[in-house]
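Colleague: Structure below; questions to follow.
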Amino acid sequence: MQQLLPVAIRSVLEKPARYAITRLCFFFNAICAKTVDVSKLDKLEEDVVVTLCLLEKYFPPSFFDIMVHLVVHLVREVRLCGPVYFRWMYPFERYMKVLKGYVQNRTRPEGCIAERYIAEEAVEFCTQHLSDVSTVGVPSSQKMGVSKPLSGCIVSVVDQDLLNQAHLYVLENTAEVLPYIEQHMIHIKTAYPKFRKRTKWLQDKHNSTSFNGYASRFKVNLRKTIMAYQKI
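See the structure below:
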């Protein structure tokens, strides 16, 4: 809700009220995250106090019961007990809806839940130990062959052109190689002055000869580095 509410009220409320509610949503996003930065908890506690003061300016006094003011103490709970998602009740509330669906006789809800739970455990036990038995009147599962291995492997051979393209793509998107790319382009423009303004030809020439140029420059720089370390 704290993620959808700012989007829902974006064009509904006035800007001051929308700003206060959005601040409250950001606060809940921060304390409900899977990882919480302890150094930011004091700042969160100060911000939520300001947020509640902003809410008091735009909402009636009847809105501020004890549950609203308890928001101030949530940061202290995070500091003492850890992230909120370890302690919230959403999974249990969802399961309570499942148990509520078990009730067929409203005068005996506990008995209905207990009997239905025992019946489900018995059915699950039977399905685990009778998985190879063909059932009558029950459709077969559509995921029978999902976890089965393939009959055999398929070997695909990559041609040299495609391998060179992949290699070139990696080199072109590596920050350490950018100086060598610029040097290589300058070298091509110097060696072929007639084609200095033909961008496509320069790029094709660069792609076709870049591997040897990179390799030679790498070897030279590596040799210089090794010699420098040997001198040290």
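Numbered according to UniProt numbering, the sequence shown spans residues 1 to 232. Virtual Cβ for every residue (Gly too), placed ideally from N, Cα, C. Quantities reported herein were computed from a predicted structural model and do not represent experimental measurements.
Leaving aside the five residues before and after ILE9 along the sequence, list all residues of the same chain whose C-beta is less than 7 Å from its C-beta, in chain order.
Modeller: ARG18, ILE21
Colleague: Please classify PHE24 as buried or exposed, where buried requires at least 16 neighbouring CB atoms within 10 angstroms.
Modeller: According to the sequence as given, residue 24 is Leu; it is not Phe. Flag for LEU24 reads buried.
Colleague: Quick one: does HIS184 have its CB under 7 Å from some CB of chain D?
Modeller: Judged by its chain identifiers, the structure shown contains no chain D, having just a single protein chain.
Colleague: Comparing alpha-carbon positions, which option in VAL177, GLN104, ILE66, TYR58 lies nearest LYS15?
Modeller: Shortest Cα-Cα distance from LYS15 to any of VAL177, GLN104, ILE66, TYR58 involves TYR58.
Colleague: Relative to the C-alpha of GLN104, which residue among LYS97, SER208, ILE113 is closest?
Modeller: ILE113
Colleague: Helix, strand or coil for THR51? Go by DSSP, reduced to three states.
Modeller: helix
Colleague: Could you give the DSSP three-state label for PRO179: helix, strand or coil?
Modeller: PRO179 carries a helical assignment under DSSP once its states are collapsed to helix, strand and coil.
Colleague: If we ignore side chains and look at the alpha-carbon of each, how far apart do ILE154 and HIS167 end up?
Modeller: Answer to the nearest angstrom: the Cα atoms are 23 Å apart.
Colleague: Around the Cβ of residue 290, are there at least 16 other Cβ atoms within 10 angstroms (buried) or fewer (exposed)?
Modeller: Because the chain here runs from 1 to 232, residue 290 falls outside it and cannot be looked at.
Colleague: Given a cut-off of 7 Å on the beta-carbon distance, is the pair LEU41 and ARG79 in contact?
Modeller: yes
Colleague: How would you label ALA30, buried or exposed, when you count the other beta carbons within 10 angstroms and need 16 or more for buried?
Modeller: buried
Colleague: Considering VAL36, what are the terminal residues of the alpha helix (DSSP H) in which it resides?
Modeller: No alpha helix (DSSP H) contains VAL36, which DSSP labels as neither H nor E.
Colleague: With distances taken from CA atoms, which of ARG76, GLN203, CYS32 is nearest GLU46?
Modeller: Nearest to GLU46 by C-alpha distance, out of ARG76, GLN203, CYS32, is ARG76.
Colleague: Could you tell me the alpha carbon to alpha carbon distance between PHE28 and LEU171, rounded to whole angstroms?
Modeller: 43 Å
Colleague: Cα separation between ASP161 and VAL48?
Modeller: 59 Å
Colleague: In angstroms with no decimal places, state the Cα-to-Cα distance between TYR180 and LEU74.
Modeller: 54 Å
Colleague: So is THR51 buried or exposed if we call it buried at 16+ other beta carbons inside 10 Å?
Modeller: buried
Colleague: Among residues of its own chain, excluding the 5 on either side of ASN207, which ones have a beta-carbon nearer than 8 Å to its beta-carbon?
Modeller: If we look at ASN207 and ignore the five residues flanking it on each side, its Cβ neighbours are LEU168.
Colleague: Anyone know if the C-beta pair for ILE186 and LYS205 falls short of 7 Å?
Modeller: no
Colleague: CA-CA distance, GLN203 and ARG223?
Modeller: 29 Å
Colleague: Please report how far the alpha carbon of ALA175 lies from the alpha carbon of TYR192, in whole angstroms.
Modeller: 27 Å
Colleague: Are the CB atoms of PRO83 and VAL36 nearer to each other than 7 Å?
Modeller: yes
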